[in-house]
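Each remark here refers to the structure printed beneath this line.
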C-alpha cells in the first residue's frame with residue numbers, strides 16, 4: 004500500500020485502497036505523505052471521519068513515525084490538527100458571555116440553573132483550564148461531552164468571530180493557535196467536514212496543498228452531503244428577528260418575525276416528506292421570509308462601518324450570521340433547483356421544518372476535490388459487492404471525462420474463515436414493520452444464552468433495540484443488558500468492554516467505529532438488512548434519479564447503502580488476530596433474495612452457515628474457553 008500511495012502521489016493518479024483493520028494503513032499513507040511534504044515544501048492533508056482515528060494519528064502514529072523519520076529527513080517532522088472554528092471554545096464567549104434570545108450578551112455567571120446551565124458552566128471551566136495549561140480547546144477533548152446547545156454558548160462560527168486583531172483574547176484564541184500550528188506542518192490532520200468546506204465553499208480554511216488522504220473514505224460522500232444540507236424552521240427565523248432588533252430598523256426585524264409565522268402556518272398545511280413541487284402557499288411564505296431577511300441584511304450593511312465595543316460587535320455578528328443563514332436557505336428553497344431535494348419533517352421540538360440537500364455530491368467532489376488535488380481514499384469498506392465502482396461513483400470518478408484512478412485491495416491480516424462464522428437465520432420470517440417478531444426474539448435469546456452474554460446487538464431502529472433489550476432482560480435476567488440511550492455511548496462502550504457478561508444493544512452509531520476486541524464481543528447480532536426507509540426523502544429521490552437515467556435505483560442506492568452498513572457492522576466482531584466469534588443476521592433475505600449475493604460479497608469472508616445448532620455449539624465452546 005505504501006508503494007501504491009507513493010506512486011499515486013508521484014504521477015497524480017487518484018488511488019482507492021481497501022485496507023482492513025490491523026493492516027497498518029495509517030503508516031502506509033503517512034510515510035509517503037511525509038516524503039512528499041519534505042520534497043514539495045507543502046503539507047499533505049489527512050482527513051478522517053471520527054475522533055478516534057484523529058486521536059490515533061496525532062497521539063500515536065505521527066509521534067512514532069516522526070521519531071523514526073527524523074534521522075532520515077535531517078529534521079523533526081511537524082504535524083498539526085485543524086478543525087472548523089466552531090469546534091474550539093471561544094474565550095470571548097466564555098469570559099464575556101453569549102447572546103440570549105434578545106441578542107443581549109449574558110455573562111456565564113447569570114445563566115439560569117438547570118441541566119443546560121450546568122453543562123455551560125462545566126464547558127466554561129474546562130475552557131479556562133485549557134487556556135491555563137496551553138491546551139487545544141478542542142470540543143472533542145471535553146469529556147464527558149456537552150449538548151450542541153450548551154456548546155453554542157461557548158463557541159462561535161467563523162462569521163461570528165471578531166477576528167484576532169479586535170478580540171480582547173485574540174492572542175490566546177484556540178482556533179488561531181491551531182491555525183498557526185498548521186503553518187509549516189508536514190501533515191495537517193482534519194475532519195471530512197472541514198475538508199468539504201475548504202473544497203466546496205471556496206474558503207481557504209486549510210493550508211495550500213496538492214495531496215489529500217481521505218481515511219474512513221466510506222463516510223466522505225455522506226459528510227459532504229451533511230455540510231451541503233440546510234434547514235429552515237420558524238423558531239430560528241423568530242430568534243434571528245429578535246436578535247436583530249438591537250442592530251437594524253425595528254420594523255424590518257418585525258417583518259422577518261411575521262414572515263416566520265406565515266411559514267409556520269404554511270408548514271402545518273404542507274405534507275410531511277419529500278416535496279417534488281413546493282405547494283403554492285408554502286412557496287409564498289418562503290418568498291416572504293427571503294425578502295424580509297434581505298431587508299434585514301441591508302440594515303446590517305448600512306451600519307457596518309461603525310465602531311463598536313467588542314461585546315456589542317459580538318452580538319451583532321451573531322445576529323447577522325443567523326439572518327444570513329435564513330436568507331441563504333430561503334433563497335435556495337425558493338429556487339428548488341433540479342439538483343436539490345426538498346422535504347418537510349417534524350422536529351422533535353419546535354414543530355415542522357424544511358430541509359434541502361443536494362441530490363448528489365459526486366459532481367462537486369469530482370470538480371472541487373479530485374479535480375484540484377491528488378487524492379488517496381482509503382477505508383476498510385470501499386469494495387462493495389466485490390467492486391470499487393460504487394465508491395468511485397460516489398466520488399465523481401465514474402462516467403465520461405472522469406479523472407483517472409486505480410484501486411487496490413490490500414487484504415486483511417485476519418483469517419476470517421477460521422476466526423469468524425457468518426450465520427443467517429434462513430428459517431425466520433421476513434422482517435415486517437410491526438416490531439420484533441416472537442421468532443426473532445427466541446433466536447436472539449438462544450444465541451445470547453449460548454454465548455453467555457458477550458453480545459453487541461445492532462438494530463435498524465431505536466424502537467427495535469429497546470424492544471429487544473426489554474424482552475431479553477425478562478428472559479435472561481442474569482445478563483446485564485445495556486441499551487443505547489441509557490447513557491452516553493462512550494460510557495456504555497466502556498462498561499460493555501469491561502465485563503464479558505454485559506451485552507450492548509444500539510442503532511446506527513454502534514454500527515461503525517466500535518472497537519472492543521477480546522472476549523467481551525463474541526457475538527454480533529444484526530436484526531435486519533439496514534436498507535434506508537422507503538420514504539426517506541434523500542435516498543428515495545436518488546433512487547428515482549438513477550431509474551430515470553435507465554439504471555437500477557434499488558441496487559445503486561438502497562442495496563449499496565445496506566452493503567456498506569452490513570460490512571461495517573460485521574467488522575465489529577474481529578478486531579485482533581486472536582478474536583473469535585459469530586456474526587448472526589436475523590434476516591433471511593441475505594440468502595433468499597436476489598440481491599443477497601451482492602450483500603454477502605461485501606462482508607468479510609467468514610465461514611457461512613444457516614444451522615443454528617452449529618452456531619450455538621460454537622458460541623458455548625467460545626464462552627467456556629474465555630471463562
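Numbering (the working numbering), first residue to last: 4 to 630. All C-beta atoms, glycine included, are put in the ideal place defined by N, C-alpha and C. Quantities reported herein were computed from a predicted structural model and do not represent experimental measurements.
Span of the beta strand (DSSP E), counted from its first residue to its last, around residue i
i	result
residue 638	Residue 638 lies beyond the residue range present for the chain, which begins at 4 and ends at 630; the question has no answer from this structure.
residue 389	Looking at the DSSP string, residue 389 is not in any beta strand (DSSP E), and its letter there is neither H nor E.
residue 236	Run containing residue 236: none; DSSP gives neither H nor E here.
residue 348	343-349
residue 165	That residue, residue 165, is in no beta strand (DSSP E); it is neither H nor E in DSSP.
Close Cβ partners of residue i (< 7 Å) along its chain, the five nearest in sequence each way excluded
i	result
residue 178	88, 91
residue 458	451, 506, 526, 528
residue 342	361, 362
residue 222	52, 195
Bounding residues of the alpha helix (DSSP H) (the contiguous stretch that carries residue i)
i	result
residue 197	195-203
residue 257	253-272
residue 410	It is not in any alpha helix (DSSP H) - residue 410 instead sits in the beta strand (DSSP E) that spans 408-412.
residue 620	615-629
residue 563	563-573
residue 472	465-478
C-alpha gap between residue i and residue j, whole angstroms
i	j	result
residue 446	residue 588	11 Å
residue 394	residue 619	36 Å
residue 544	residue 392	21 Å
residue 463	residue 273	28 Å
residue 526	residue 212	44 Å
residue 365	residue 9	25 Å
residue 417	residue 577	8 Å
residue 361	residue 540	11 Å
residue 117	residue 161	29 Å
residue 387	residue 566	6 Å
residue 194	residue 231	15 Å
residue 373	residue 17	8 Å
residue 19	residue 4	10 Å
residue 69	residue 125	35 Å
residue 235	residue 358	6 Å
residue 282	residue 327	24 Å
residue 58	residue 289	43 Å
residue 423	residue 582	8 Å
residue 185	residue 94	20 Å
residue 216	residue 50	6 Å
residue 623	residue 616	11 Å
residue 377	residue 181	25 Å
residue 429	residue 443	11 Å
residue 188	residue 43	12 Å
residue 533	residue 370	31 Å
residue 154	residue 76	41 Å
Buried/exposed call for residue i, threshold 16 Cβ in 10 Å
i	result
residue 555	exposed
residue 137	exposed
residue 248	buried
residue 470	buried
residue 122	buried
residue 204	exposed
residue 574	buried
residue 522	buried
residue 477	exposed
residue 530	buried
residue 219	buried
residue 22	buried
Chain-order list of residues whose beta-carbon lies under 8 Å from that of residue i (same chain, five-residue window excluded)
i	result
residue 54	143
residue 7	18, 20, 409, 411
residue 191	46, 47, 48, 49, 82, 83, 84, 85, 185, 209, 210, 212
Other residues of its chain near residue i: CB distance less than 6 Å, five sequence neighbours each side excluded
i	result
residue 129	145
residue 320	163
residue 107	Low local confidence applies: a pLDDT of 49 at residue 107 is under 50, so the model's placement there is unreliable, and no value is given.
residue 455	626
residue 243	325, 326, 329
residue 425	586, 609, 611
Beta-ladder partner(s) of residue i, from DSSP
i	result
residue 593	DSSP lists no partner for residue 593.
residue 1	Only positions 4 to 630 of the chain appear in this structure, which leaves residue 1 out of reach.
residue 17	408
residue 141	91
residue 458	526
residue 51	194
residue 382	21
residue 426	587, 612
residue 484	506
Below-7 Å beta-carbon distance, residue i vs any chain C residue
i	result
residue 444	Here there is only one protein chain, and chain C is not present.
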